[in-house]
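With full-length UniProt numbering, letter number 184 in the sequence shown gets 184, and the count goes up by one each step, no holes.
Some notes on the structure that comes next.
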Amino acid sequence: MKNYQFSLKKYSTLAILLLCAVIFGCKKYYDPPAVFEKQEIVSVKKRKVLLIGIDGATGEDMKKIMPPVISSILPNSKYSWQSRSDAPVSDAGTWKNIMTGIATIHKIQDSTFIVPEGASEHDAVVEYPSFIERLQATPKMRYSVAISPWKTLVDRLLLYADEPIAVNNDAAAADTAVKKIGISKADLVVVNFNQVNQAGLKYGYSADVPEYKTAVTQVDTYIGKLLEALKARKTYNNEEWLVVITSNHGGYNKGFTSQTERERNSFNIYYNPAFKKVEIDNVPLTDGFLFPASKAATDAKATLAAANSSIYEIGASGDKTIQLKALIRSSSTSNGANFVLLSKLNHSYSSTNGWEIMVQVNADGTRQYRAILGYGTLLFVPAPVKLQLNQWSAITLKIYTEASKRMAVLYIDGVAGTPTDITGRTIGTNAYDLTLGNINTAVNTGSFAVNDIAIYNKALSDEEIKNFTCSDGVKTTDPSYANLIGYWPCKQVNGDKLLNQAPTAVGKDLVLGGNGGSWTAFEKSICNATAPSGNTIMAVSNSDIASQIIYWFGVNVDDAWKLNGKSWLKLYEVEFYK
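This is how it looks when you write it as structure tokens:
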């Protein structure tokens, strides 16, 4: 027992000594106090939109008046005073364009918002959804409000908003909008003011008309109230509002339906506090008539009957000039896949008798304009250069007499090709229609646009032909205006005829066949315009508004929607995507 007790004491002492050695022999390390870090929460701000439409506010007049509230937001805006409304200009049609992003082909022409009978004779009426409807089909936009003093606009176009509200006047529209902007669930608010348009119709559309200017400044005051209501939202700091301010159209004198540039001059402002200032000058635009590719011969053409078009024959003697501007958008590259632009004959080749201006497709896939003159045998009049797709060309076929010889020459943008001798030939028999586009034996394989078709009973000078290249149509002050026997500008943007505006050719209109084309606005690129102001140059129009709003909500624009506008705000994402 003693031995056992001794051993226990012995080993207990040893254990204590070992424990002390461990405690005092180990290296000490600093043990920092516990730190409970707060996890950083990344907050994604909710996208919302306020769209303000001011009926009848001409862009250049808004710039001249420069009302104070609108002026105050320009440092944080992308804007243009040179935007373009839809055509033909009407209150209903321009609002349809704003809300759908579809131009012209919606066929809304009057304040009923109903496609007129006969407007879609060959096709079923197509319904184009507004951007409200498209956004409602996504989770991005849950609640919308639309307010206007124009009840028909509310009932026929804005009805798909969760709250479509018709009010008595602009003041009521502003008061109602302030209340609705204050609703926390509001994602989209559309507000329409129309007193500027009413002032224009009664007193005149001009910044120099006191009543018109007063209406503009009053609406500007309303806009100020709406912006204050936005910033007063409890959730404003957690939201990203895009404010869009626009006009549906401009005006001229006391109207807006004669299709002048002033009447189509709208403005677009896109405001967000994160935006940097960008003022945009619109590219020069020109209207034209667009013929699509691969249409039946009865469709993609316009004609003037032979009995009414004999003055447009080249005939056996005398001088003549035939001009047009053309833009070829697409065509086959197959050798010989030629197509006719303008003609007075019944066959593009064979033993034809008449004349035509056409596109020739070469073996290497390149293209060039050419003229063919037929008198039973074909005479080819070549262009000096090959053509480029999507570029306007000014085409002139001149028939002239020189040293007792009758000659034909084709100019492109004022540059002459090689002349062809046509002495002694009778070109044309008065038997065939004057035709723009397809003829029965040469169905169009290309898509092209035309405007400014002019025919003179004289040979224009080289200087006049050169000036035609950059001209904005034929003017009454032109030196050869008295010799103008046919002029189809193709710019009236509506109807079933291309109107002849030559002073001695009233009624000699080109009648559109079938449903083969559409009035369209194009960039006028032949003159390489620049912006002397130093502003950004971009094609902007009211067609862009729907695409811009859809983009802002984070929804991709489906190509199948075939919207005419574009969402160019994405070019500046570095400013607002942090």
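Glycine is no exception: its CB is placed at the ideal position from the N, C-alpha and C atoms.
Given the structure is predicted, the values throughout are model-derived calculations rather than measurements.
Closest in alpha carbon position to Asn362, among Leu304, Gly336, Thr246 and Trp488, is Gly336.
The DSSP-derived three-state label of Gly354 is strand. Val385 is classed as exposed because its beta carbon has fewer than 16 other beta carbons within 10 Å across all chains shown. By the criterion of a C-beta distance shorter than 7 Å, Lys570 is surrounded in its chain by Tyr551, once the five residues flanking it on both sides are discounted.
Of the residues assessed, Gly517 falls on the buried side of the cut-off, its CB having 16 or more other CB atoms within 10 angstroms.
Per the Cβ contact rule, the stretch 395-410 is in contact with the stretch 352-370 (3 or more Cβ pairs under 8 Å). Linking Tyr203 to Tyr212 through their CA atoms gives a straight-line distance of about 7 Å. By the Cβ-count criterion, Lys277 is exposed, with fewer than 16 other Cβ atoms from all chains shown falling within 10 Å of its own Cβ. Rounded to the nearest angstrom, the Cβ distance from Lys96 to Tyr270 is 21 Å, too far for a contact under 8 Å.
The beta carbons of Ala174 and Leu327 sit about 45 Å from each other, so the pair does not count as a contact at 8 Å.
Across the structure, Lys325 and Asn467 are spaced so that their CA atoms are roughly 13 Å apart. In the three-state reduction of the DSSP assignment, Asn238 falls in the helix class, which pools H, G and I.
Check the Cα spacing between Lys254 and each of Gly565, Asp558, Val196 and Thr504: the tightest is with Val196. Annotated three-state conformation of Leu498 is strand, per DSSP. In this structure Ser184 touches Thr235 by the C-beta definition: roughly 6 Å separates them, less than 8 Å.
Residue nearest to Ile465 within the set Thr366, Gln323 and Asp55 is Gln323 (criterion: CA-CA distance). In its chain, beyond the 5 residues on either side, Pro382 have a beta carbon closer than 7 Å to the beta carbon of Thr418. DSSP, read as helix, strand or coil, puts Arg156 in helix. In this structure, DSSP gives Asn168 a state outside helix and strand, which the three-state scheme calls coil.
By the CB criterion at 8 Å, Asn353 and Tyr375 fall inside the cutoff. Secondary structure remark: continuous beta strand (DSSP E) runs of at least 3 residues inside the stretch 39-102, in chain order: 46-54 and 77-84.
Burial state of Met66 is exposed, judged by a 10 Å Cβ sphere holding fewer than 16 other Cβ atoms.
Exclusion of the five residues before and after Ile453 leaves Leu324 and Trp488 as the residues of its chain whose Cβ lies within less than 6 Å of its Cβ.
Within the same chain, Cβ atoms closer than 7 Å to the Cβ of Leu74 are found at Lys277, the five residues on either side in sequence being excluded. Asp287 carries a strand assignment under DSSP once its states are collapsed to helix, strand and coil. A residue is called buried once 16 or more other Cβ atoms fall within 10 Å of its Cβ, and Val506, having fewer, is exposed. Here DSSP, grouped into helix, strand and coil, assigns Ser144 to strand. If you draw a 10 Å sphere on the C-beta of Ser334, you find fewer than 16 other C-beta atoms in it, and that means exposed.
The alpha-carbon separation between Met99 and Asn238 amounts to approximately 27 Å. DSSP places Ile372 in the strand class (E or B) of the three-state scheme. With contacts defined by Cβ atoms closer than 8 Å, Ile455 and Ile485 form a contacting pair. A Cβ-Cβ separation of about 6 Å places Thr58 in contact with Tyr205 under the 8 Å criterion. Beta-bridge partners assigned by DSSP to Ala408: Ile399 and Thr420. According to the DSSP secondary-structure assignment, Gly446 is paired through a beta bridge with Ser331.
Distance from the CA of Arg156 to the CA of Val190, rounded to the nearest whole angstrom, comes to 15 Å.
Nearest Cα to Arg262 within the set Thr303, Gly200, Leu230 and Asp462: Gly200.
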